[in-house]
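Here is the structure we will look at.
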Amino acid sequence: MASVYEKRPWLKHYPAWVPHDLEITRDTAMGDFFESATHKPEAAAVFYFDHALSYGDIARYADSLGAALRDLGVRKGDRLIIVLQNVPQFLIATYAAWKLGAIVVPLNPMYKEKELTYFCQDSGAKIFVTLEEVARGLDLAFLKETAVEKVITSSALDFLPKGAEPSSMLGGMKKERIPGTLDMLDLFETYRKGGVEIPSLGPEDVAYLTYTSGTTGPPKGAMNTHGNIAFNARVYRAMQKIEERDVVLGVAPLFHVTGEVAHLAVAALAGIPVVLFYRFDPGEALRLIERWKVTVTVASITVYIALMNHPDIQKRNLSGFTKAYSGGAPVSEAIVNQFEKLTGLYLYNVYGMTETNSPSHITPWKKRAPVDKESGALSVGVPVPNCVMKIMDLEEGTQELPAGEVGEIVDSGPIVIPGYWQKPEETRHAIRNGWLFTGDVGKMDDEGWFYLVDRKKDMIVASGYKVWPRDVEDVIYQHPGVKETAVVGVPDPYRGETVKAFVALKDGMEGTVTPEDIIAFCKERMAAYKYPRQVEIVSEIPKTLTGKFLRRTLREKDQSHSQKNKG
Ligand code: AMP
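Each residue of the sequence shown is one higher than the last, beginning at 455 in this note's numbering.
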């Protein structure tokens, strides 16, 4: 007999225009872009600040860069790292790489040399594409320890018309070549004729390696296939009712799965524009929503909070922005209500992971997500088409739980990645018999709505960015005074959660190392979103009998502290 989950009680919430199952085709993420470029070359693909680039423009640049990459020896299956902000070069480098059947490895431009070395080594990438100002901030000598053969740079100003006043966000920036690197504009010029043959590429081929720590351990490259991405682009198109007149606000980082799928893949599939503005700035976002008549986006809740707190929110016309989705971090009903009161716009909750290629659960457009009476959690929505999601017991993950009971959320269907890059063991741990164990704790109500109530994994979500304690602990352990450290997430009014390190010092070091020393040490060695904002020196880190840190005890210790301080 089919279980409560296999009956898919959520299907009754699908709007009439959403099929219960989408047709499974041989479509690919690459094919979707080139279809649009062939059939509507004049249509706008990117609005970069105030300037438009058409599908034809992006396709031509991708063809030239593809020819250059081919001459640099890039072949099917090779990896190409891109370390870019939200700029048109992200699309150009991605589509150029895909034209050769290569795999794109997008990384956060905030990473420091140590972090980048790991990703270059793990992916074995040959080519490293970045922005001049990112390269200037790095000592590129770290690349000697990797398989990277060539670095291609470009400027955030390259796609703004000559002489145009750049946005204040790019104020003071100048195009300045980086010695020892190839300039992307020079490559466009040299390879103006392009002429790359599109390889035979199927849905099972890998489009991106998107790094995530998943539920545990060091970062792993999630293999997002061309088929996964093409499928979830169709899921968004159906659930958000994307049409030709839609305009996407490209506000999530393109190097994250939300940017890859909810922005780029959706826009490419529908042949609609995506608005890019380097990196998030609330005033610029509000200006561009009005300027380009933005209708849709998926962003983290911190983006909406920043928009709400910006004075321009009252001045700008946001009336067309009716498909505002929030994903990636918990959303409280109170914030959704505040946003709606201020703007008249309802924030739709969407939930997913890098491993599910963005959405696994979504609130269909024009539906309102219910709130769970017991936990107060706003529903993350209903499972997407073609998929079955279940709640399994928290201990073993072998027992399916009835509706209404809390357990681990597991996902199955065409949204799930085939695995992690060259990590068979971690893949087997995360995906068991086709079921992805999410590490998220939640439940389904009788009506088929899902709720997240806790996390089994140690992940911290700070300002919408994912931070894994182990990543931060590895750096703190390099400090000569540190005996032991445990990092946890603690509540923060603006960042949602922030990173806190509990540190026990080596014998005799007490009083010689301060919390500020540890913070400064970390700041120098890791991306800005990750370093601990709070450090507490303790005599000992509480542990279980088997030596595992009691992170929950530490989080509670922090909360009782702050209660005391408040009281
Ligand atoms: P990532 O792989 O970086 O996309 O992170 C995925 C994780 O973010 C999920 O496993 C959840 O823990 C969290 N997450 C994503 N969307 C939501 C949401 N709408 N509400 C609460 N947590 C979320």
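Think of the CB as a built atom: it goes at the ideal place given N, C-alpha and C, for glycine as much as any other residue.
Asked                                                                                                         : Found
L890 - partner residues in DSSP beta bridges                                                                  : D865, I885
7 Å CB neighbourhood of R691 in its chain, flanking five on each side removed                                 : V720, L723, A724
V541 and Y732 closer than 8 Å at C-beta                                                                       : yes
Local conformation of L703 per DSSP, three classes                                                            : strand
Cα-Cα separation, G1001 to E938                                                                               : 12 Å
Exposure of Q768, with buried meaning 16 or more beta-carbon neighbours within 10 Å                           : exposed
Q988 versus D946: straight-line alpha-carbon distance, rounded                                                : 11 Å
Burial state of K553 (16 or more Cβ within 10 Å)                                                              : buried
Start and end residues, beta strand (DSSP E) containing R1058                                                 : Only positions 455 to 1021 of the chain appear in this structure, which leaves residue 1058 out of reach.
Distance cut-off 7 Å: D899 Cβ against heavy atoms of ligand 3                                                 : In terms of ligand content, the structure shown lacks ligand 3 and carries ligand 1 instead.
Closest Cα partner of L639 within the set L585, R1005, N686                                                   : L585
Buried versus exposed call for M455 [16 or more other C-beta atoms within 10 Å across all chains shown]       : exposed
Element boundaries [alpha helix (DSSP H), containing K640]                                                    : Note that residue 640 is Asp in the sequence shown, not Lys. Run containing D640: 638-644, per the alpha helix (DSSP H) assignment.
heavy atom of ligand 1 below 7 Å from M843 C-beta                                                             : no
Contact test: L906 Cβ vs ligand 1 heavy atom, cutoff 7 Å                                                      : yes
Sub-8 Å separation of I606 and V528 beta-carbons                                                              : no
Alpha-carbon spacing of W746 relative to V559, whole angstroms                                                : 30 Å
Continuous alpha helix (DSSP H) assignments of at least 4 residues falling wholly in the segment 669-728      : 680-693, 720-724
M693 to M762 span [Cα, whole Å]                                                                               : 25 Å
Any 3 or more C-beta pairs closer than 8 Å across the segment 674-681 and the segment 870-877                 : yes
heavy atom of ligand 1 below 7 Å from Y800 C-beta                                                             : no
Local conformation of S954 per DSSP, three classes                                                            : According to the sequence shown, residue 954 is Lys rather than Ser. Correct three-state label for K954: strand.
Segments of 4+ residues assigned as alpha helix (DSSP H) that fall wholly inside the segment 574-660          : 586-590, 638-644
Distance cut-off 7 Å: Y565 Cβ against heavy atoms of ligand 1                                                 : no
contact_flag[the segment 500-516, the segment 543-550] where n(CB pairs < 8 Å) is 3 or more                   : yes
P560 CB to nearest heavy atom of ligand 1 below 7 Å                                                           : no
Closer than 7 Å: Y805 CB and nearest ligand 1 heavy atom                                                      : yes
Whole-angstrom C-beta distance between M627 and L611, which should lie under 8 Å                              : 6 Å
Sequence-distant residues of the same chain with beta carbon closer than 8 Å to G1021, five excluded per side : Unreliable positioning characterises G1021 in this predicted model, as indicated by a pLDDT of 39, which lies under 50. A coordinate reading is not provided.
Beta-carbon proximity check, M980 vs K566, cutoff 8 Å                                                         : yes
Beta carbon of T712 nearer than 8 Å to that of V660                                                           : no
Y985 versus V953 - alpha carbon distance                                                                      : 7 Å
Length of the line joining the Cα atoms of T1036 and K911                                                     : No information on residue 1036 is available, as it lies outside the stretch 455 to 1021 that the chain covers here.
V864 and L848 closer than 8 Å at C-beta                                                                       : no
Assigned exposure category for Y645 - 16 Cβ within 10 Å defines buried                                        : buried
Buried or exposed by the 16-neighbour rule on C-beta atoms within 10 Å, applied to N887                       : exposed
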